[in-house]
Each structure stands twice: as structure tokens, then as C-alpha cells.
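Numbering (the numbering used here), first residue to last: 1151 to 1302. C-beta atoms are modelled at their ideal positions from N, C-alpha and C, and glycine is treated no differently. Note that this is a predicted model, so its numbers are computed, not measured.
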């Protein structure tokens, strides 16, 4: 197989996924910074007093990238300036408004290091990819400077 996971796929939009008990908002005005190709700009989540449990006991929050066309994906890469966060990766062709609608996670990481974290995934006919953060960095936030999806 291709060690790089194929070609980088075009991402047309980034959205946050913050289902109840979340308030549906996660610094949405900064979302485009996660897919603008500029590592100097970053999306940052809301700040959580307890990074491990997140806020209000919720299970996590997601950063969702929409692909330009339905694609077979092989790799999801996330660039973060601060490590210590944990996350799972999901993919869907028709995401709903709750986590269950995304199905089973394709990959996960626990207490990732700063820099680029690459997830090897396999999913076909995907239109949306989500990185679901279950633990924020020690500062209480998750910052994503770039998110990239590779495949065919």
C-alpha cells in the first residue's frame, strides 16, 4: 500500500460537533483555520477547567472536515501545537446529530504528542471525517493548526 495514504483530499468546510450536553458551539469562527493550509493559524476549542473530563461531564467534542467529493480515505492527520490530548477518528457519508450516528471509531490516540499525529484509517465513500476529542491538552484546550485527509 501507499505509505502516505494516497493523495491529500480537498476539504471544503470545517464544522464543530458539540452534541448535548454541549452547547453546540466550539469557537466556530476559527474553524476555517484548521483547514486553510496555514500552520500558523489554528482552531482552538473552548477552555475546559477539567481537561480530562471536559465540561459538564460530556464525552467530548469534535472537529469535522467535509470533503469536496465522496472519497475512500486512508489517513487523517492532525497538527497540534500542544500535546496531551486524546481523540478518536470517525468517518461518515451522512453524519447525524449524535455521536452514535457516526458508527464505530476507525482509529484512536491517547495523550498524543505535539506536532503531527497521523491516523491510519480505512473507509469508503466518505464525505465527512471527524476527530472526536475525549481529553483536552493540559492547558484545558485543544488547538488544531491543520487537519488533512488522504486517500483516493
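What number of angstroms, rounded off, separates the C-alpha of residue i from the C-alpha of residue j?
i            : j            : result
residue 1151 : residue 1163 : The predicted position of residue 1151 is uncertain, since its pLDDT is 44 and thus under 50; no value can be drawn from it.
residue 1268 : residue 1302 : 17 Å
residue 1297 : residue 1209 : 21 Å
residue 1196 : residue 1254 : 25 Å
residue 1188 : residue 1271 : 24 Å
residue 1194 : residue 1217 : 21 Å
residue 1224 : residue 1155 : 5 Å
residue 1252 : residue 1190 : 30 Å
residue 1182 : residue 1160 : 13 Å
residue 1171 : residue 1249 : 12 Å
residue 1291 : residue 1198 : 6 Å
residue 1213 : residue 1243 : 16 Å
Could you name the residues of the same chain whose beta carbon sits closer than 6 Å to that of residue i, not counting the 5 residues immediately before and after it, in chain order?
i            : result
residue 1133 : Outside the displayed span of the chain (1151 to 1302) sits residue 1133, for which this structure offers no information.
residue 1266 : 1227, 1229
Starting from the C-beta of residue i, find all residues in its chain whose C-beta is less than 7 Å away, skip the five residues before and the five after it, and write them out in chain order.
i            : result
residue 1168 : 1174, 1175, 1176, 1211
residue 1289 : 1232
residue 1287 : 1201, 1232, 1233, 1234, 1235
residue 1180 : 1193, 1194
Less than 9 Å between the beta carbons of residue i and residue j, yes or no?
i            : j            : result
residue 1241 : residue 1278 : yes
residue 1230 : residue 1264 : yes
residue 1276 : residue 1222 : yes
residue 1192 : residue 1293 : yes
residue 1184 : residue 1295 : yes
Quick one: what's got a C-beta closer than 8 Å to residue i's C-beta in the same chain, skipping five residues either side?
i            : result
residue 1236 : 1258, 1259, 1260, 1261, 1262, 1283, 1284, 1285
residue 1157 : 1300, 1301, 1302
residue 1178 : 1165, 1166
Based on the DSSP output, what are the partners of residue i in its beta bridges?
i            : result
residue 1270 : 1225
residue 1163 : 1216
residue 1291 : None, per the DSSP bridge assignment.
residue 1240 : 1280
residue 1195 : None; residue 1195 has no bridge partner.
residue 1264 : DSSP, once it has assigned bridges, lists no residue as partnering residue 1264.
For a cutoff of 9 Å on Cβ pairs, would you count residue i as touching chain E?
i            : result
residue 1160 : The displayed structure is made up of one protein chain only, and chain E is not part of it.
Here's the rule: buried if 16 or more other CB atoms are within 10 angstroms of the residue's CB, otherwise exposed. What is residue i?
i            : result
residue 1246 : exposed
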